[in-house]
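Structure first, commentary second.
In UniProt numbering, the protein residues as written are 1 to 102.
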């Protein structure tokens, strides 16, 4: 249902679709990684924006979908997200392992 609604918004040429993280990565015992992957597979990467409040979550998104994934973070976590994207800051699974050549 959510993906069908998202596809309808894409067809209507909306600029961004904000995906709330509640029940996907927040308030759950295990993350719904299957839902995240369906969203990112079925909706254009440049149209979907994912809500991420926890650095562990946005670290996972960057590792799984790359540095161009659209993430919504709190204003005080922007520096950490930028550092993760640049590969100069991160957790053991991403620190120094994310590289871009642009």
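Backbone N, C-alpha and C fix where the C-beta goes; we use that ideal spot for every residue, glycine too.
Given the structure is predicted, the values throughout are model-derived calculations rather than measurements.
Next on the checklist: Please confirm whether residue 75 has its beta-carbon closer than 8 Å to some beta-carbon of chain D.
Outcome noted: This model lacks chain D altogether; it includes just one protein chain.
Checklist entry - Distance, Cα to Cα, residue 40 vs residue 87? => result Looking at the two C-alpha atoms, the distance is approximately 22 Å.
Checklist entry - DSSP on residue 18, reduced to helix/strand/coil? => result Assigned with DSSP and collapsed to three states, residue 18 falls in strand.
Checklist entry - Is the segment 28 to 37 touching the segment 73 to 84, taking contact as three or more C-beta pairs under 8 Å? => result Flag = no, the segment 28 to 37 and the segment 73 to 84 do not touch.
Checklist entry - Quick check: the segment 5 to 25 against the segment 42 to 52, are there 3 or more CB pairs under 8 Å? => result Yes, the segment 5 to 25 is in contact with the segment 42 to 52.
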